[in-house]
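1 is the number of the first residue of the sequence shown in our numbering; add one for each residue after it.
Here's the structure, in structure tokens; my notes come after.
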Amino acid sequence: MTPLLKKYDMFRLIYNRLPDQIKPGYGVYASTRRLILKTERFDQDQWKAYHFNQLSGLIGYAWEQIPGYRDLWSGAGFNPDQFKSLDDMRRIPYLTKDILKQDITLFTNFKSGKVIKTTTGGSVGIPLTFYQAQKNRLIEKAFIHDLWSRRYPPISLSTHSTILRGRKTRGTHHYDPMHGLLLSAFELTLENVKLFLEAIEKCKNPLLHAYPSALYVMATMMRDNHLSLHHHFEGIMLGSEPLYDYQRERISEVFNTPITHWYGLGEKTVLAGNCETDNRFHIYPQYGYAELLDKHGNHVKIGESGEIIGSAYWNRTTPFIRYRSLDYAVRGEDSCRDCGRNYPLLERIEGRLQEFIVGKSGKLIALTGVSIICGQFDEVEQFRFKQQTPGIIEFTYIRKPHVSLVNEKFIADSLGSKLGVEFNLSLREVKEIHRTISGKLKYLDQELDINKFL
């Protein structure tokens, strides 16, 4: 370890040992958590008033301080005086990545305090750079910790986790004095998984924070090689990727621990986490205003799928108002009878627009509906779908080391039963399936422009 690295680690160690109350940013973190607790039992009328007040202030601010919004809205014939109720949101034109990428500075107020540059992961091929206040990191953490506290009530800024995500590690794993045990999502070999388990036993952190795809691979290796873990996590926290049913089943089977899964955007416009009573998602109304709309801009009905449109309440540096996520979800009830929160529910996240496949007729099918059977492919270590032409799908896979021959007929028949007559399927064995730069594993390489099929 270099002297500079030692100094860096020492700073993080000192920070972690400070009482939470005197850590930099604690006031922002604590006040945000108090706000969530204070409002989580609001009734529907209180939430309508809350959203109207938040949006009125945000829209007025953007009109006065952000020239990009003034130009965009004026061109569509909208001004803040027309915003009289939540129904008037439909008067406001959408904001898109393409608009922002033309000149992000037109949509940014650099005088809004100490700002930091943020870049989204670009999981659909369109990374975006925007700006936010430095304090927003603590606000984000407060929301995530509120969700995690449903599994682990003592959570605080000092809580350490075991993390299997895209963070850079020194070698296969190392201990970060501020965050906890970091495991490399890029190093998921059998020998490394054994090292990971030894490190987990030593550290005994209460929470496991992971990408679903990475933890699924690790859990499968543990099951196939009869590896066990004596340490019991209080909760498994999965985010930043879709969680498919077969992944949830395998992870639950191996770790026997409650799973928390959340949906969010790198642009910080919408955040939703599963209810502690089931797998449906609660949208956090304190985080922003979420709309679920069809292609004509109308609110979808309960049980229907729509695009998530988000307006963020916390970022006044690069505000996001009516931002198109290109993500689709199925609308649920407006409140939860099980936990009592009047938070809007999402029955399920169907995925990003580029996670849909296109049939011969131009019909769109969510990959979530196909992948449900992929957990049955026990001879396959990793896989990815690829589409370049409507109605034609390629299934690439890596076979497990101990498998001499994969039963491709079983895979083809199983997938064919889900895909139906809309698709022709081919299979191809490969040596490697690359992860993204952030360590995520994409299950679909979609080369078609899905917008053309809407």
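Backbone N, C-alpha and C define an ideal beta-carbon position, used for all residues, glycine too.
Because the structure is a prediction, the values reported are computed rather than measured.
The straight-line gap separating the alpha-carbon atoms of residue 448 and residue 27 is approximately 47 Å.
Beta-bridge analysis with DSSP links residue 18 to no other residue. Burial check for residue 98: the Cβ neighbour count within 10 Å stays below 16, so the residue is exposed. For a cut-off of 8 Å, the C-beta gap from residue 112 to residue 317 is around 5 Å, short enough to register as a contact. Under DSSP, residue 346 forms a beta bridge with 281, 331.
Here the alpha carbons of residue 422 and residue 391 stand approximately 6 Å from one another. Residue 192 carries a helical assignment under DSSP once its states are collapsed to helix, strand and coil. Secondary structure at residue 76: coil, using DSSP grouped into helix, strand and coil. Shortest Cα-Cα distance from residue 31 to any of 348, 139, 46, 108 involves 139. Residue 73 is positioned such that its CB atom lies no closer than 8 Å to that of residue 342. When the five nearest sequence neighbours on each side are left out, the beta carbons in the same chain lying within less than 6 Å of the beta carbon of residue 374 are those of 246, in order along the chain. Per DSSP, reduced to three states, the secondary structure at residue 405 is coil, with no helix or strand assignment.
Residue 107 places its beta carbon 8 Å or farther from that of residue 118. Judged by DSSP in its simplified three-state form, residue 131 adopts strand. Taking C-beta atoms as the reference points, residue 322 and residue 95 count as a pair closer than 8 Å. As the crow flies, the alpha-carbon of residue 35 is around 13 Å from that of residue 288. Under the three-state reduction of DSSP, residue 300 is assigned to coil, being neither helix nor strand. DSSP places residue 178 outside both helix and strand once states are collapsed to three, so it counts as coil. For residue 445, the enclosing beta strand (DSSP E) stretches over residues 444 to 446.
Shown here, residue 148 sits in a helix according to DSSP, grouped into three states.
When the Cα atoms are used, residue 173 and residue 179 turn out to be separated by approximately 13 Å. In the assembly as shown, residue 319 is a buried residue. Its beta-carbon has 16 or more other beta-carbons within 10 Å. For residue 260, the pairing in a beta bridge is given by DSSP as 237.
Taking 8 Å as the cut-off, the Cβ atoms of residue 143 and residue 271 count as close. Taking a contact to require three or more Cβ pairs closer than 8 Å, the stretch 57 to 72 and the stretch 362 to 381 do not qualify as touching. Beta-bridge pairing by DSSP links residue 397 to 383, 429. The C-beta of residue 261 has 16 or more other C-beta atoms within 10 Å across all chains shown, which makes the residue buried. Taking C-beta atoms as the reference points, residue 395 and residue 425 count as a pair closer than 8 Å. In terms of CA proximity to residue 160, 205 leads the group 116, 205, 199, 192.
Around the Cβ of residue 269, a 10 Å sphere holds 16 or more other Cβ atoms; the residue is buried.
The residues 181, in chain order, have a CB closer than 6 Å to that of residue 203 in the same chain once the five nearest residues on each side in sequence are set aside. Take the alpha-carbon of residue 253 and the one of residue 198: they are about 20 Å apart.
Here residue 193 has 218, 221 as same chain residues with Cβ atoms under 6 Å from its own Cβ, once five neighbours each way along the sequence are excluded.
Residue 66 holds the alpha-carbon nearest to the alpha-carbon of residue 110 among 445, 66, 231, 145.
The stretch 351 to 367 and the stretch 323 to 336 touch, with no fewer than 3 CB-CB distances between them shorter than 8 Å.
Counting other Cβ atoms within 10 Å of its Cβ, residue 116 stays below 16 and is therefore classed as exposed.
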